[in-house]
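Asker: Right, I'll just put the structure down here and ask away after.
Protein chains: 2
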Amino acid sequence: MLTQAAEDYLKSIYKLQEKGGKVSTGVLAQYLNVKPASVTGMLKKLKTMNLVNHERYQGVTLTSAGKAIALEIIRHHRLLELYLFRALGVPWDSVHEEAEKLEHVISEDVEARMDEFLGYPTTDPHGAPIPDKNGVVTQKAYFQMTTLHKGQSCVVAEVSDTDPALLRHLASFNLYPGTAFRVLDIAPFEGPFTIEIATENEEGQQAILGREVTKHIFVADVQDTEPT
Amino acid sequence: MLTQAAEDYLKSIYKLQEKGGKVSTGVLAQYLNVKPASVTGMLKKLKTMNLVNHERYQGVTLTSAGKAIALEIIRHHRLLELYLFRALGVPWDSVHEEAEKLEHVISEDVEARMDEFLGYPTTDPHGAPIPDKNGVVTQKAYFQMTTLHKGQSCVVAEVSDTDPALLRHLASFNLYPGTAFRVLDIAPFEGPFTIEIATENEEGQQAILGREVTKHIFVADVQDTEPT
DNA sequence: GATATAATTTAGTCATGCCTAAATTAATTT
DNA sequence: AAATTAATTTAGGCATGACTAAATTATATC
Ligand SMILES: [Mn+2]
Ligand SMILES: [Mn+2]
Ligand SMILES: [Mn+2]
Ligand SMILES: [Mn+2]
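Those protein sequences? They're chains A and B, same order as listed. With the working numbering, the residue at position 201 of the first sequence is 500, and numbering never jumps. With the working numbering, the residue at position 180 of the second sequence is 479, and numbering never jumps.
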């Protein structure tokens with residue numbers, strides 16, 4: 300069994316190399332809240348275990364063995380988030396922190412039982428894909444919300460799960476993965492978005508979202524619609 | 300926050316001092332699968348944190364602060380065992396091992412939610428009492444099964460939870476906490492017990508339990524009955 | 001009461017995983 | 001091409017928590 304620290308390194312390398320190939324020591328250090336020197340030390344260990352490819356000064360990538368472990372931990376994390384949310388009613392904004400500790404500790408048996416209880420889900424409460432038990436991830440295509448134009452409508456696909464305050468803010472507008480909305484206006488000079496959120500009773504709730512917030516929202520099913 | 304190792308020491312000291320007051324270094328070492336020298340080292344640390352009373356060569360006891368932490372961990376452990384058993388159907392013989400890792404990692408919020416889901420239970424799947432949220436334990440009076448005499452009937456109160464093979468053996472006879480049985484015979488020279496287990500359809504299943512097994516079973520509601 | 005035996009503590013090591021400070025290497029400017 | 005700046009690695013330390021071997025203290029035996 301790997302240590303918790305080693306598992307977190309692998310998970311982080313996976314996430315960072317998804318958007319950008321080779322991962323530099325500095326980027327990884329910042330992501331893990333650790334100094335670059337500590338990263339170098341751990342990469343050496345991971346390399347002797349054949350979990351990463353690493354040439355000095357050249358950045359790091361996962362080997363297929365390393366990737367398999369990373370996906371295993373990510374699967375634990377996302378299943379746990381959804382399980383805690385659905386089965387125990389743990390709030391949307393605290394499941395991440397809780398799962399961060401539990402992911403290293405649950406057995407394959409408990410993982411399988413949660414999966415069954417949840418009906419073999421494919422996304423976590425923040426819209427992130429849950430790798431299947433063989434480590435296959437089905438990543439839906441989506442765009443950062445900042446790329447939307449006035450008048451377009453879409454559906455929330457995924458939101459960042461690390462900042463509880465952001466998640467509470469989104470929840471205050473009922474803005475969850477699966478929620479549909481339309482862009483009514485975008486203020487100039489990188490200003491805020493005004494959107495209309497589709498609600499069950501057809502009324503359409505309005506919300507104003509600052510730029511920082513929209514960077515953490517990803518959308519799909521983008522369509523151009525007639526202005527009302 | 301304490302380390303996982305420190306929490307395990309406190310939990311173990313609590314359990315050992317329950318039956319026998321002061322706990323010796325050697326006994327604690329054996330219980331934790333660690334060498335006596337390692338125990339001495341940890342006791343020094345725990346003493347500086349005012350969690351234990353320890354005079355060299357004189358054994359160790361918990362301070363009230365240490366006891367509070369021990370009970371907190373034990374509460375986690377037993378709630379987790381029951382939760383895994385009831386909510387996820389984890390088998391009787393593997394909940395202990397699973398809970399051993401999770402107990403150090405769950406939040407007070409998840410603890411409270413499991414407690415609510417379970418209806419504020421008072422005993423775990425092996426019959427051990429669950430301390431309440433204020434650390435109050437209500438320990439039912441019971442006796443080791445070896446103290447029973449031929450003809451007596453009783454109810455299983457608690458069984459040891461550490462050995463999965465033993466638990467599977469007991470399960471094969473449907474012998475769980477709450478199960479009633481009567482002693483039909485005790486073979487001489489520390490021999491095995493023959494018992495009749497009460498079943499729903501009144502038939503009465505017989506079982507033969509060796510001495511080693513009976514040492515791990517604790518019973519209550521002992522009554523002298525007429526031999527049939 | 002001296003002596004043997006058992007339990008406990010001390011002393012010195014080792015592996016993890018983090019740190020800071022200094023040295024090295026790579027990338028950018030000029 | 002040389003010099004500056006940034007990224008990365010090396011070197012040396014620290015805290016945990018385990019180990020072994022040796023020294024110490026307590027207990028049992030004669
Ligand atoms: Mn983690
Ligand atoms: Mn998530
Ligand atoms: Mn434990
Ligand atoms: Mn138990």
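No residue lacks a Cβ here, since even glycine has one placed at the ideal position from N, Cα and C.
(1) Count the other CB atoms, across all protein chains shown, that sit within 10 Å of the CB of A:G319; report buried if there are 16 or more and exposed otherwise.
(2) If you count every other CB in all the chains shown that lies within 10 Å of the CB of A:A336, and 16 or more means buried, which is it?
(3) Could you tell me the distance, in whole angstroms, from the CA atom of A:R394 to the CA atom of A:V458?
(4) With a cut-off of 6 Å, give the chain-ordered residues whose Cβ is closer than this to any heavy atom of ligand 3.
(5) Is B:G426 buried or exposed, if buried means 16 or more other CB atoms sit within 10 Å of its CB?
(6) Within 7 Å: the Cβ of A:D392 and any heavy atom of ligand 5?
(7) For a test of the three-state rule: what should DSSP assign to B:T339, helix, strand or coil?
(8) Considering only their Cβ atoms, is the gap separating A:V482 from A:G450 smaller than 8 Å?
(9) For a minimum of 3 consecutive residues, which ranges assigned as the beta strand (DSSP E) are wholly contained in the region 381–463 of chain A?
(10) Hey, quick one: how far does the beta strand (DSSP E) through A:E317 stretch, first residue to last?
(11) Per DSSP, what kind of secondary structure is B:Q505 in: helix, strand or coil?
(12) Could you name the residues of chain A that B:M413 contacts, counting a contact when the two beta carbons are closer than 8 Å?
(13) Can you name the residues of chain B whose CB is closer than 8 Å to the CB of A:L401?
(14) Keeping to the same chain, check which residues put their C-beta closer than 6 Å to that of B:I368; ignore five residues upstream and five downstream.
(15) Quick one: measure Cβ to Cβ for B:P430 and B:I373, integer angstroms, because I've assumed they're closer than 8 Å.
(16) Nearest-angstrom Cα distance between B:F488 and B:R510?
(17) Residues bridged to B:Q522 by DSSP?
(18) Rounding to the nearest angstrom, what Cα-Cα distance links A:A464 and B:A328 in this structure?
(19) In angstroms, rounded to a whole number, what distance separates the CA positions of B:F517 and A:G340?
Answerer: According to the data block:
(1) Position 20 of the first sequence holds residue 319 of chain A. Exposed: under 16 other Cβ atoms inside 10 Å.
(2) Locating residue 336 of chain A in the first sequence gives position 37, where the first residue counts as 1. When all chains shown are included, A:A336 counts as exposed.
(3) Working through the first sequence from its first residue, we reach residue 394 of chain A at position 95. Working through the first sequence from its first residue, we reach residue 458 of chain A at position 159. First, the amino acid is wrong: residue 394 of chain A is Val here, not Arg. So the two alpha carbons sit approximately 14 Å from each other.
(4) The set, ordered by position in the chain, is B:D307, B:E399, B:E402 and B:H403.
(5) On the second sequence, position 127 is the one that residue 426 of chain B refers to. So B:G426 ends up on the buried side.
(6) Only ligand 1, ligand 2, ligand 3 and ligand 4 can be found as ligands here, which leaves ligand 5 out of the picture.
(7) Translated into the one-based positions of the second sequence, residue 339 of chain B becomes position 40. The answer is helix: DSSP assigns B:T339 an H, G or I state.
(8) For this step, residue 450 of chain A is matched to residue 151 along the first sequence. For this step, residue 482 of chain A is matched to residue 183 along the first sequence. Result yes, Cβ atoms of A:G450 and A:V482 sit closer than 8 Å.
(9) For the region 381–463 of chain A, whole beta strand (DSSP E) runs of length 3 or above, ordered along the chain, are 451–458.
(10) Stepping through the first sequence from its first residue, residue 317 of chain A is reached at position 18. Unbroken run through A:E317 is the alpha helix (DSSP H), Q303 to E317; no beta strand (DSSP E).
(11) Walking along the second sequence from the start, residue 505 of chain B turns up at place 206. The answer is strand: DSSP assigns B:Q505 an E or B state.
(12) Taking the second sequence and counting its residues from 1, the one referred to as residue 413 of chain B is at position 114. The answer, in chain order, is L387.
(13) To locate residue 401 of chain A, count along the first sequence from 1; it is residue 102. Going along chain B in sequence order, the residues near A:L401 (Cβ under 8 Å) are L401, V404 and I405.
(14) Along the second sequence, read from residue 1 onward, the residue named residue 368 of chain B stands at position 69. Once the five neighbours on either side are set aside, the close Cβ partners of B:I368 are L309.
(15) In the second sequence, the residue the question calls residue 430 of chain B occupies position 131. In the second sequence, the residue the question calls residue 373 of chain B occupies position 74. Sure, about 6 Å apart at Cβ, within 8 Å.
(16) Here the question's residue 488 of chain B lines up with position 189 in the second sequence. Here the question's residue 510 of chain B lines up with position 211 in the second sequence. The alpha-carbon of B:F488 is positioned some 10 Å away from that of B:R510.
(17) Taking the first residue of the second sequence as 1, we reach residue 522 of chain B at position 223. DSSP lists B:S452 as partners of B:Q522.
(18) Taking the first residue of the first sequence as 1, we reach residue 464 of chain A at position 165. Taking the first residue of the second sequence as 1, we reach residue 328 of chain B at position 29. Cα-Cα distance, rounded: 46 Å.
(19) In the second sequence, residue 517 of chain B corresponds to position 218, counting from 1. In the first sequence, residue 340 of chain A corresponds to position 41, counting from 1. Looking at the two C-alpha atoms, the distance is approximately 52 Å.
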